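See structure below.
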Amino acid sequence: MKRRQFALGTGMALGGGLGSLVALPACAQGEPVEGKEFTRLNPPVAVSVPAGKVEVVEFFGYWCPHCAAFEPSLDGWARKLPADVVFRRIPVAFGAPHEPYQKLYFALEAMGQLDAMHRKVFNAIHVDRMRLDKDAELQKLAQANGVDFTKLKDTMNSFSVATKCNQAKKAASEYKIDGVPTMGVQGRFMTSVGQAGSHEGALRVMDGLIQKARKG
Numbered sequence: 000m001k002r003r004q005f006a007l008g009t010g011m012a013l014g015g016g017l018g019s020l021v022a023l024p025a026c027a028q029g030e031p032v033e034g035k036e037f038t039r040l041n042p043p044v045a046v047s048v049p050a051g052k053v054e055v056v057e058f059f060g061y062w063c064p065h066c067a068a069f070e071p072s073l074d075g076w077a078r079k080l081p082a083d084v085v086f087r088r089i090p091v092a093f094g095a096p097h098e099p100y101q102k103l104y105f106a107l108e109a110m111g112q113l114d115a116m117h118r119k120v121f122n123a124i125h126v127d128r129m130r131l132d133k134d135a136e137l138q139k140l141a142q143a144n145g146v147d148f149t150k151l152k153d154t155m156n157s158f159s160v161a162t163k164c165n166q167a168k169k170a171a172s173e174y175k176i177d178g179v180p181t182m183g184v185q186g187r188f189m190t191s192v193g194q195a196g197s198h199e200g201a202l203r204v205m206d207g208l209i210q211k212a213r214k215g
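The sequence shown begins at 0 in numbering that gives the first Met the number 0 and counts up by one.
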């Protein structure tokens, strides 16, 4: 979802439904094509991994139906990555309506609840049509899953989460993110489902970009 698409109306971003997404044609096999299936970052962005490791970042939004649709494929791919690849997610906020969802991600992470709740948050928004920027809806989801709602809200409003949100904003600016889901590899390459042509294509392109990053 592009920044401009969100600006056309919140209803497009929230409650769009997973069923409304249409799969795009699969990409051709082979080495990723620069300018078509991926973009080279100039200048490169600094990475936060040790030498010998490759960083892969997904920029996403819980509010984005395309991110929700991509998540099962991406999660399965990420769980099988080799030891030299470090994968992390960065929630993006294109405006004030997105900020509660960004805070929610970092709060769940701080509370050690992210693995258990990440997919459930997507489902709550895009399947159950819940508005998790509303306290009553968020409390309902938290209580249904054994999450302390008071602690969750306190964490969302904490200084540490505010710092994480500022860092996420900086990273999105450095990568020049204008749509999600978008993936960055080693601060040097970017791709997306739209650019690669399909979920499967995006994963194939990322595999190819990881190989390129290893070669230096």
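Using N, Cα and C, we set each Cβ at its ideal position, and we do this for glycine too. The structure displayed is predicted, hence computed values, not measured ones.
Scanning the segment 64–99 from its first residue to its last, the whole beta strand (DSSP E) runs of 3-plus residues come out as 84–90. Assignment of beta-bridge partners to S191 by DSSP yields T181. In terms of Cα proximity to R187, the closest of G178, H97 and V44 is V44. Secondary-structure assignment with DSSP links E33 through a beta bridge to F37. The DSSP-derived three-state label of V46 is coil. Collapsing the DSSP output to three states places V146 in coil. Taking a cut-off of 8 Å for Cβ pairs, the segment 162–169 and the segment 82–102 touch, as three or more such pairs fall below it.
Separation of R78 and G34 (C-alpha to C-alpha, rounded to the nearest whole angstrom) is 28 Å.
In this structure, M205 is the residue among M205, H198 and G193 with its C-alpha nearest to the C-alpha of E30.
If you look at V204, you'll find it in the alpha helix (DSSP H) that goes H198 to K214. The Cβ neighbour count for F121, taken over all protein chains shown within 10 Å, is at least 16; the residue is labelled buried.
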